[in-house]
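S.K.:
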Ligand SMILES: Cc1cc2nc3c(=O)[nH]c(=O)nc-3n(C[C@H](O)[C@H](O)[C@H](O)COP(=O)(O)OP(=O)(O)OC[C@H]3O[C@@H](n4cnc5c(N)ncnc54)[C@H](O)[C@@H]3O)c2cc1C
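The following block contains the structure:
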């Protein structure tokens, strides 16, 4: 059965946003080629409503591969299982989220399922005869690249925040199989997982990101950034020099050498907009720049710009947003 | 211990990117090519391991590529730069890196019977951010793969690592050999010193012909990103306007 298969990433018992995006893209892809969507989850245990939630976002069939050794995740074990399933069931396509683990699993599957790999695509691929075409971002947001393959099967990863998750409900059929990883896939042993700041939205998944740079003068001034982020329900980020001197933790550093993000709204405060910074954020859907230098390069990619002193503008903005939210709360 | 460190050759981070008339390839004139910044983390860690144990560690630096027409586009020069960090030998596989599948096959074919204990990469290259090659090499060689690694220590053939995961980090252990892709934190970037640069000139340097592999993905064309119009200027005295704009777009 040819199908668009999807690797379902479950984290803390939940389907994360990148997985919903992948399901949505897979549904569109499958409809364009008249194929079913098969969602594949691997783990030791599954949330009780898994099949129903996957059905809500367009899965026609759900396959659960279950085994006590599938947690914590080992990239090659997951990849081997996915590749085997692709071969046995003759799935033409596998779509994964371009997350930490999705990116590690995809190249293994591509080799073991003898497929072509399209990485970091921003929309479902389109078929034209024997050719499959896809779009991705290249050269640090300085170009769009169209790529193509004539090979089957195709394994693809979808860049986060490229499409908006959309429901397309149906009642999927389900199947559960036991899976035991090969000994060679258990060579890598997890010794422990540490999560940071669990009360916050992870940067890569955040819809809104409030980011600040050297213009803030010192770590003691981040209170107003946190406040604005809180008012917006946003994640916080920073420029590289700010992380380098330890004003902010390294995991907040965005840009070419940091995390690449494309939230719906990116608010840049006291950041000059160096090309290496923009490389990580320029694909954000909406950019607000707050900078006291009207010549700051960041304004060139801004949707909204405020030329002004961050120390005055930011608290006012926070206040205005709080007020707006109070007035529009139900 | 034998370490293989694979580097890619990418346009300088500040380069103005333009394409050939058909949009298929990068217009390389006037662009300075550098070692991919993430690969620099891997090189720096390899140099540290070498420094700690000069006689017990041998580091080979490898790149797949052809030298460009200009001196600013020389894979050999970048390999020499890597050697200048105190590494032992360089290998260039003499072929255009057409796609990740092709490149991974070249590296795997070279590494297959050489008994490397550690194969290091950057987490991704800054041209296409594909992050495909390291995992493919691990798959081809059937080796464990640690992506986004932020630390590695080695003791008695056992590696202790940390990697970045969504919202945190994971500590891992694994017997060598393994494949790793470097994230910031694995080591501090290094700048070669004069002695290193002088020594690099005479270190073993091999140019190897490619193995025959058909690439699977091709570029149709590049196009400029959707143009940004001029931005809307908001008066700092009238922040309310921004809030209204964001609300109208459903952003808040
Ligand atoms: C290989 C390489 C990789 C790099 N990778 C990254 C990366 O991943 N991410 C990254 O961010 N950088 C990266 N950089 C560094 C980058 O080039 C810039 O140096 C950096 O982004 C600048 O940070 P900044 O904007 O916070 O600081 P600055 O450039 O110092 O800018 C501070 C800004 O704040 C404004 N300002 C000052 N006071 C106020 C005020 N009171 N109110 C409002 N605005 C104010 C100023 O006008 C200025 O525009 C990299 C560099 C290299 C060479």
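Chains as they are written, first to last, in the working numbering: chain W, 427 to 756; chain D, 5 to 256.
C-beta: ideal position from N, C-alpha, C; glycine also.
Can you pull the chain W neighbours of residue 140(D), defined as C-beta to C-beta under 9 Å?
M.R.: Result: 533, 534, 536, 537, 543.
S.K.: Could you tell me the boundaries of the alpha helix (DSSP H) in which residue 748(W) lies?
M.R.: From DSSP, the alpha helix (DSSP H) with residue 748(W) extends over 736-754.
S.K.: Taking only the alpha-carbon atoms, compute the straight-line gap between residue 568(W) and residue 721(W) and give it to the nearest angstrom.
M.R.: Roughly 21 Å between the two C-alpha positions.
S.K.: Under 7 Å Cβ to Cβ from residue 214(D), same chain only, skipping five residues before and after it: list those, please.
M.R.: Cβ neighbours of residue 214(D) beyond the five flanking positions: 97, 98, 99, 110.
S.K.: By the 8 Å beta-carbon criterion, what residues does the stretch 183-207 of chain D contribute toward chain W?
M.R.: Of all residues in the stretch 183-207 of chain D, 188, 189 have a Cβ within less than 8 Å of some Cβ in chain W.
S.K.: Check this for me: beta carbons of residue 170(D) and residue 155(D), under 7 Å apart or not?
M.R.: No. Outside cutoff.
S.K.: With 8 Å as the limit, tell me which residues of the stretch 546-565 of chain W have their beta carbon closer than that to any beta carbon of chain D; keep them in chain order.
M.R.: Answer in chain order: 546, 559, 562, 563, 564, 565.
S.K.: Over what stretch of residues does the beta strand (DSSP E) that includes residue 713(W) continue unbroken?
M.R.: Unbroken beta strand (DSSP E) run through residue 713(W): 712-717.
S.K.: In angstroms, rounded to a whole number, what distance separates the CA positions of residue 490(W) and residue 692(W)?
M.R.: Each residue's Cα considered, the two are about 37 Å apart.
S.K.: Please indicate yes or no: does the CB of residue 138(D) lie closer than 6 Å to some heavy atom of ligand 1?
M.R.: Checking the Cβ of residue 138(D) against ligand 1 gives no.
S.K.: Against residue 695(W), what residues of chain D qualify as contacts under a CB-to-CB distance less than 8 Å, listed in chain order?
M.R.: Ordered by position in chain D, no residue passes the 8 Å Cβ test against residue 695(W), which lies about 13 Å from the chain.
S.K.: Quick one: what's residue 2(D) bridged to in DSSP?
M.R.: This structure leaves residue 2(D) out entirely; chain D is present only between 5 and 256.
S.K.: With 7 Å as the C-beta to C-beta threshold (strictly closer), list the residues of the stretch 203-233 of chain D near chain W in chain order.
M.R.: If the cut-off is 7 Å between Cβ atoms, the stretch 203-233 of chain D has 220, 221, 222, 223, 224, 225, 226, 227, 228, 229, 232 near chain W.
S.K.: Kindly examine ligand 1 and report whether one of its heavy atoms sits closer than 6 Å to the Cβ of residue 85(D).
M.R.: Not under cutoff, so the answer is no.
S.K.: Taking Cβ to Cβ, would you say residue 151(D) is nearer than 7 Å to residue 507(W)?
M.R.: Their beta carbons are not under 7 Å apart, which means residue 151(D) does not touch residue 507(W) by this criterion.
S.K.: Is the closest heavy atom of ligand 1 to the C-beta of residue 682(W) under 6 Å?
M.R.: It does: the Cβ of residue 682(W) is within 6 Å (strictly closer) of some heavy atom of ligand 1.
S.K.: Beta carbon of residue 572(W), beta carbon of residue 224(D): below 7 Å?
M.R.: Yes, these two residues count as a Cβ contact at 7 Å.
S.K.: Give me the chain W residues within the contact set of residue 247(D), using Cβ-Cβ distance strictly less than 7 Å, ordered along the chain.
M.R.: Those are 746, 747, 750, listed as they occur along chain W.
S.K.: Give a yes or no on contact between the stretch 574-581 of chain W and the stretch 549-559 of chain W, applying the rule of three or more CB pairs nearer than 8 Å.
M.R.: The stretch 574-581 of chain W, when compared against the stretch 549-559 of chain W, does touch it at the 8 Å Cβ threshold.
S.K.: Which value, in whole angstroms, describes the spacing of the CA atoms of residue 666(W) and residue 679(W)?
M.R.: Each residue's Cα considered, the two are about 5 Å apart.
S.K.: Cα-Cα, which of 723(W), 753(W), 588(W) is closest to residue 447(W)?
M.R.: The residue with the shortest Cα to Cα distance from residue 447(W) is 588(W).
S.K.: Establish whether the CB of residue 761(W) and some CB of chain D are separated by less than 7 Å.
M.R.: Residue 761(W) is absent from the structure shown; chain W starts at 427 and stops at 756.
S.K.: If we ignore side chains and look at the alpha-carbon of each, how far apart do residue 728(W) and residue 10(D) end up?
M.R.: Using only the alpha carbons, I get a separation of about 37 Å.
S.K.: In its own chain, which residues sit with a C-beta less than 7 Å from the C-beta of residue 201(D), not counting the 5 before and 5 after it?
M.R.: Closer than 7 Å at the Cβ level, and outside the excluded window around residue 201(D), lie 88.
S.K.: Are the CB atoms of residue 734(W) and residue 725(W) nearer to each other than 7 Å?
M.R.: No, Cβ-Cβ distance for residue 734(W) and residue 725(W) is not below 7 Å.
S.K.: If you reduce the DSSP assignment to three classes, tell me which class residue 721(W) lands in.
M.R.: Reduced to three states, the DSSP call for residue 721(W) is coil.
S.K.: In chain W, what lies closer than 7 Å to residue 37(D) by C-beta?
M.R.: In chain order: nothing, as chain W lies at least about 13 Å away.
S.K.: Name the chain W residues whose beta carbon is nearer than 7 Å to that of residue 178(D)?
M.R.: Correct list: 613, 614, 615.
S.K.: Can the beta-carbon of residue 221(D) be found closer than 7 Å to that of residue 131(D)?
M.R.: Not closer than 7 Å, so no.
S.K.: What three-state label does DSSP hand residue 79(D) in the structure shown?
M.R.: If DSSP states are grouped into helix, strand and coil, residue 79(D) belongs with the helices.
S.K.: Step through the CB atoms of chain D and report whether any lies within less than 7 Å of the CB of residue 743(W).
M.R.: Answer yes: the Cβ-Cβ gap between residue 743(W) and chain D drops below 7 Å somewhere.
S.K.: Can you find a C-beta in chain W that's less than 7 Å from the C-beta of residue 151(D)?
M.R.: True, the Cβ-Cβ gap to chain W drops below 7 Å.
S.K.: With hydrogens ignored, establish whether the beta-carbon of residue 528(W) is closer than 6 Å to any heavy atom of ligand 1.
M.R.: No, the Cβ of residue 528(W) stays beyond 6 Å of every heavy atom of ligand 1.
S.K.: Am I right that residue 432(W) and residue 463(W) are in contact with their C-beta atoms under 8 Å? What's the rounded C-beta distance?
M.R.: Correct: roughly 6 Å between the Cβ atoms.
S.K.: For residue 741(W), is the beta carbon positioned less than 6 Å from some heavy atom of ligand 1?
M.R.: False, no ligand heavy atom lies under 6 Å from that Cβ.
S.K.: Kindly provide the ranges of any alpha helix (DSSP H) runs that are 4 or more residues long and lie completely inside the stretch 450-513 of chain W, ordered along the chain.
M.R.: Segments of the alpha helix (DSSP H) lying fully in the stretch 450-513 of chain W: 476-482.
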